[in-house]
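Start counting at 1 in the sequence shown, then tack on 5, and there's your number in this note's numbering.
Ideal Cβ positions, reconstructed from N, Cα and C, are used throughout, including at glycine.
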Amino acid sequence: AGALGAGGGAAYGGAGAEPPFVSAIRRSRVNQYHAAAFAEYEVTCKLRVAGARVHRETVHKWSVWRRYSEFEELERALRKQLGWQMERVGDFAAKNTFAFNKLGAEFVEARREELDAWWQRLMRVDKVCGFHEAGGGRG
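The following block contains the structure:
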């Protein structure tokens with residue numbers, strides 16, 4: 006599943022061109038190194054920055070692991086901050102409080118897919134992924 010950033014890529018140098026910022030929720034794992042085990046999801050990011058020379062760019066890549074509850078907090082904060090702009094993102098990944106085994110591989114992977122679908126819609130909101138532009142996406 007390819008990740009799309011703001012604008013879906015077509016505005017960045019033609020069809021198939023990758024946008025400057027791309028992010029996705031690629032992997033999941035169950036962290037059992039704490040008193041209580043929990044699932045985590047890896048958010049991968051890639052930022053392309055044009056260089057001073059023609060046809061040169063620098064690519065920065067990083068990833069962070071986050072728990073479902075941290076995505077919930079982010080979603081609430083963004084809805085409060087961005088209001089109507091979050092309507093196009095749609096519903097957040099369901100909590101599924103009635104799931105039998107929330108740490109089972111099948112459940113964790115299904116939740117990762119739901120989180121990534123939500124994340125890809127979120128990446129299309131200009132004020133969310135426009136941080137790399139002059140003005141930091143504010144406006």
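Candidates the options: closest to residue i by CA position
i: A82; options: S33, L127 and A29; result: L127
i: E80; options: W124, S28 and R34; result: W124
i: Q37; options: G109, E114 and A122; result: G109
i: W67; options: C50, A57 and H60; result: C50
i: G88; options: A57, V54, K132 and V69; result: K132
i: A29; options: E62, H39, L52 and V35; result: L52
i: V69; options: H60, V59, R31 and V94; result: R31
i: G95; options: K107, N101, D121 and N106; result: D121
Sub-8 Å separation of residue i and residue j beta-carbons
i: Q90; j: V64; result: no
i: E119; j: A104; result: no
i: E111; j: S33; result: no
Residue i - containing beta strand (DSSP E), residue span
i: E92; result: Taken as a continuous stretch (DSSP letters only), E92 belongs to no beta strand (DSSP E), as it is neither H nor E.
i: R32; result: F26 to N36
i: K188; result: Nothing can be reported for residue 188: it is not among the residues displayed for the chain, which extend from 6 to 144.
Start and end residues, alpha helix (DSSP H) containing residue i
i: L83; result: Y73 to L87
i: A115; result: A110 to L127
Other residues of its chain near residue i: CB distance less than 8 Å, five sequence neighbours each side excluded
i: F97; result: F76, E77, E80 and W123
i: R93; result: R126, R129 and V130
Cut-off 6 Å between Cβ atoms - residues of its own chain near residue i, not counting five sequence neighbours on either side
i: R84; result: M91
i: V35; result: A42, A44 and L108
Contacts around residue i, its chain only, beta-carbon distance under 7 Å, and the 5 residues preceding and following it disregarded
i: E62; result: R53, V54, A55 and G56
i: R117; result: I30, S33 and Y46
Is it a yes or a no for the stretch 37-53 touching the stretch 65-77, going by three-plus beta-carbon pairs under 8 Å? yes
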